[in-house]
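**Q**
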Amino acid sequence: MGLSCRATPAIARQGGIVRRTRTTWFRPGLLGLLVLGLFGIGAAIREPLVSATSRSSQSITLSIVGTNDVHGVIFPRNGRGGLALLSSYVKNLRAARAADGGAVLVIDAGDTFLGTVESNLSEGAVVIDAYNAIGYTAATIGNHEFDFGAADSPTGEPEDDDLQGAIKARARQARFPCLAANLLDESTGKPVRWPNVSPSVLVEATGLKVGIVGVMTTGALRATLAANVQGLRVAPLASTIVAEASSLRSRGA
Numbered sequence: 170m171g172l173s174c175r176a177t178p179a180i181a182r183q184g185g186i187v188r189r190t191r192t193t194w195f196r197p198g199l200l201g202l203l204v205l206g207l208f209g210i211g212a213a214i215r216e217p218l219v220s221a222t223s224r225s226s227q228s229i230t231l232s233i234v235g236t237n238d239v240h241g242v243i244f245p246r247n248g249r250g251g252l253a254l255l256s257s258y259v260k261n262l263r264a265a266r267a268a269d270g271g272a273v274l275v276i277d278a279g280d281t282f283l284g285t286v287e288s289n290l291s292e293g294a295v296v297i298d299a300y301n302a303i304g305y306t307a308a309t310i311g312n313h314e315f316d317f318g319a320a321d322s323p324t325g326e327p328e329d330d331d332l333q334g335a336i337k338a339r340a341r342q343a344r345f346p347c348l349a350a351n352l353l354d355e356s357t358g359k360p361v362r363w364p365n366v367s368p369s370v371l372v373e374a375t376g377l378k379v380g381i382v383g384v385m386t387t388g389a390l391r392a393t394l395a396a397n398v399q400g401l402r403v404a405p406l407a408s409t410i411v412a413e414a415s416s417l418r419s420r421g422a
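Using my numbering, read the sequence shown as starting at 170 and increasing by one per residue.
1. Could you name the residues of the same chain whose beta carbon sits closer than 6 angstroms to that of F317, not counting the 5 residues immediately before and after it, in chain order?
2. Leaving aside the five residues before and after P364 along the sequence, list all residues of the same chain whose C-beta is less than 8 angstroms from its C-beta, in chain order.
3. Quick one: which unbroken alpha helix (DSSP H) runs of 4-plus residues sit fully inside the region 341-422? Chain order, please.
4. Note down, in chain order, each residue of its chain lying with its Cβ closer than 6 angstroms to the Cβ of G284, except the 5 sequence neighbours on either side.
5. L352 and L401 look like a contact to me (Cβ under 8 angstroms); what is the Cβ gap, rounded to whole Å?
6. From the DSSP output, in three-state form, read off A267 for me.
7. Within the same chain, show all residues whose beta-carbon is closer than 8 angstroms to that of L390, passing over the 5 residues directly before and after it, in chain order.
8. Exposed or buried, N261, counting other C-beta atoms within 10 Å across all chains shown (16 or more means buried)?
9. Once DSSP output is grouped into helix, strand and coil, what is the label at L274?
10. Mind checking which residues open and close the beta strand (DSSP E) that includes N237?
11. Provide the residue(s) that pair with R249 in DSSP beta bridges, ordered along the chain.
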C-alpha cells in the first residue's frame with residue numbers, strides 16, 4: 170500500500186549543528202516510508218520518497234529530526250546550540266507524538282566527530298555517548314569519521330594497525346545502526362560489513378515500516394587522510410539508493 174503525505178521543514182543553525190525537522194502526516198493502511206540520502210559532507214536530509222494510493226480521514230504524524238556536520242560540538246557556543254538543547258527538543262517532540270499517537274525518528278548525516286577538543290581527545294566517543302542518550306534512530310558514516318585512523322588505547326597508543334579502527338570502535342559503541350550503503354570493500358566489491366554497520370535499516374514507527382538508507386557523496390574519501398581509507402571505495406549514489414530501496418520494499422517498507 171502507499172501513502173499520502175505533507176512535509177513542513179524547519180531549519181535552525183545552532184552552535185555548529187544544522188537541525189532540520191520534517192513532520193509528515195501519513196494515512197493508515199501504510200506499509201512504509203522510505204527515507205533516502207543521508208549524505209556525508211554537509212548535506213541535509215532529503216525529501217522522503219513517497220507514493221499516494223491510500224486514502225482515509227485518519228492520519229499518523231511522523232516527525233523526522235536530522236543532524237549533520239556536528240563535528241564534535243556537544244556543548245553550547247555563546248549560549249546557543251549543543252546536544253543538550255537538541256536532547257530537550259527531541260524529548261518534547263516525542264512527548265507531543267506520544268500524545269497524538271505518532272512517532273519520532275532522529276537521524277544523523279555524518280561528519281560527526283572531528284572538531285572540538287573533547288571529541289578529538291576521545292576519538293568521538295563523547296558524541297556517541299550523547300547520541301545514545303538522545304536515542305538516535307540511525308546515523309550514516311561521513312568522510313571525517315575516518316580522520317582519527319587507528320583506535321587509541323587508554324595509554325594513547327594505537328591499539329592495532331587497523332587504520333579504520335577508530336570508526337569501527339565508535340560503531341560498536343553506538344546503540345543505533347550506522348549506515349554506509351555505498352561504502353565498498355575493494356576486495357569484495359560489496360558494502361563494508363563492520364560490526365553495527367550496514368547499508369540500511371528497517372525500523373517500526375507506530376505501525377509504519379520505515380526504511381532508512383545511508384550513503385556518502387562519491388568524492389567523500391578524497392576529503393580525509395588517504396592512508397585511513399585504503400581498501401575502500403564509494404559506489405555511485407543513484408544506483409545504490411535504487412537497489413537498496415528495492416530491497417527495503419521487498420521487506421515491507
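The C-beta atom is built at its ideal place from N, Cα and C for all residues, glycine as well.
**A** If we stick to the structure as given:
1. Within the same chain, Cβ atoms closer than 6 angstroms to the Cβ of F317 are found at E292 and A335, the five residues on either side in sequence being excluded.
2. The residues are K337, A340 and R341.
3. Counting whole runs of 4 or more residues, the region 341-422 contains the alpha helix (DSSP H) stretches 406-419.
4. H240 and G241.
5. With a contact defined as Cβ atoms closer than 8 angstroms, L352 and L401 qualify at about 6 angstroms.
6. A267 falls in the helix class under three-state DSSP.
7. The residues N312, F315, V398, L401, R402 and V403, in chain order, have a CB closer than 8 angstroms to that of L390 in the same chain once the five nearest residues on each side in sequence are set aside.
8. Exposed.
9. DSSP places L274 in strand when its eight states are reduced to three.
10. For N237, the enclosing beta strand (DSSP E) stretches over residues I229 to N237.
11. Partner residues in the beta bridge of R249, as assigned by DSSP, are R246.
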